[in-house]
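Encoded as C-alpha cells, the structure appears first; notes follow it.
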Ligand code: DGL
C-alpha cells in the first residue's frame with residue numbers, strides 16, 4: 262500500500278487557518294491543501310451546488326492518492342458531507358474517509374460555556390442548514406444555541422478588508438444582533454474558517470466576559486484523536502512533513518493572500534476542476 266498525504270479542503274483560504282493548527286499539532290504527516298478559490302464563496306450557494314463542487318474536490322483528492330480528506334469548511338461540512346459519506350463513498354471506495362468540522366466542534370463547544378448559552382456565527386448556508394443546532398443538541402442538550410449569519414464577512418476577508426470601516430460596521434452589526442437575540446451568551450463560536458482573520462475586530466465589539474472560540478485547535482485535537490482510534494488509517498498516512506498547496510484560482514493571487522491565513526509564504530499550483 263502506497264502511503265498517502267492527508268487532504269485538507271476549503272472553498273478558498275479559510276481552511277488554511279485549520280491547516281495551520283493541524284500542522285502545529287501533527288507536523289509529521291504530509292498534507293495536500295486545495296482551495297476552490299475560483300468558485301468561492303460557498304456560503305451563499307444552494308445545497309446542490311455546494312454538494313457538487315465539494316464532491317468534485319473530494320474526487321480530485323482521491324485521484325492524488327489521498328485516502329483521508331478533511332472538509333475544513335463549515336459550509337461544505339454542513340451541506341455536502343453527509344451525502345458524500347452515505348451515498349458517494351460506498352460507490353467510490355469504502356476504504357476512503359471524508360471528515361468535516363461541525364461534529365468535532367459540536368462535541369466540545371458546550372465545555373466552554375458556563376451560562377449554557379452559546380452563540381454561533383456562520384455563513385448563510387451553515388446557519389440555514391441548522392447543522393450546529395442539531396449536532397450540539399446531541400452532545401449538550403441543555404445548551405441554548407443562537408445563530409447569526411454574517412454574509413458580508415467572508416468577502417471582507419477575501420478582499421483584504423479586515424481592518425476597514427466596512428469590517429467595523431458589519432462586525433459590530435452582527436455581534437449586536439446576536440447578543441440582542443440572547444443576552445445570556447457567554448461563548449461565541451466562529452463557525453466559519455474565515456472568521457479568525459477578523460478576530461481583532463470581533464473582540465473589539467464583544468463584551469470582555471464573552472469567550473470567542475475558533476475551530477483550528479479543536480479540529481487539530483480531534484484529528485489527532487481520530488488517528489489514534491484508527492491505527493490502520495494512521496499507518497497509511499505518509500510522514501515526510503511535506504505541505505503542498507493547490508488552488509482552482511490564480512496561483513499568484515493565492516500565494517499573495519494565503520500567508521495572511523497560514524502565517525508563512527506559500528507556493529501553490531493551479532488545478533482545474535470539471
Ligand atoms: N470558509 C467557509 C466556511 O467555513 C466559508 C467560506 C465561503 O463562503 O466560501 O464556512
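Numbering (our numbering), first residue to last: 262 to 535. We treat Cβ as the ideally placed atom computed from N, Cα and C, and that holds for glycine. Keep in mind that this is a model prediction, so the values were computed, not measured.
Going by C-alpha distance, which of the options is nearest residue i?
i	options	result
residue 464	429, 476 and 418	429
residue 306	386, 331 and 505	386
residue 353	333, 321, 369 and 439	321
residue 483	364, 270, 446 and 529	364
residue 380	471, 271, 489 and 527	471
residue 383	457, 531 and 402	457
residue 275	316, 528, 337 and 442	337
residue 401	300, 412, 480 and 376	376
residue 423	461, 284, 493 and 359	461
residue 496	488, 502 and 503	488
Taking residue i as part of the alpha helix (DSSP H), name the residues at either end of that continuous run.
i	result
residue 494	492-496
residue 458	No alpha helix (DSSP H) holds residue 458; DSSP gives it neither H nor E.
residue 364	363-370
Within 10 angstroms of the Cβ of residue i, are there 16 or more other Cβ atoms? Answer buried if so, exposed if not.
i	result
residue 298	buried
residue 395	exposed
residue 286	exposed
Could one say the Cβ of residue i lies closer than 9 Å to chain D's Cβ atoms, at least one of them?
i	result
residue 447	Protein chain content of the structure displayed is limited to a single chain, and chain D is not contained in it.
Is any non-hydrogen atom of the ligand DGL found closer than 8 Å to the C-beta of residue i, if you look at the structure I gave you?
i	result
residue 410	no
residue 302	yes
residue 337	yes
residue 334	yes
residue 449	no
residue 405	no
residue 272	yes
Which residue or residues does DSSP assign as beta-bridge partners of residue i?
i	result
residue 292	267 and 504
residue 409	382
residue 530	507
Grab the span of the beta strand (DSSP E) containing residue i for me, first residue to last.
i	result
residue 415	No beta strand (DSSP E) contains residue 415, which is instead part of the alpha helix (DSSP H) from 414-419.
residue 331	329-332
residue 448	448-451
residue 353	Residue 353 -> not in any beta strand (DSSP E); alpha helix (DSSP H) instead, spanning 350-353.
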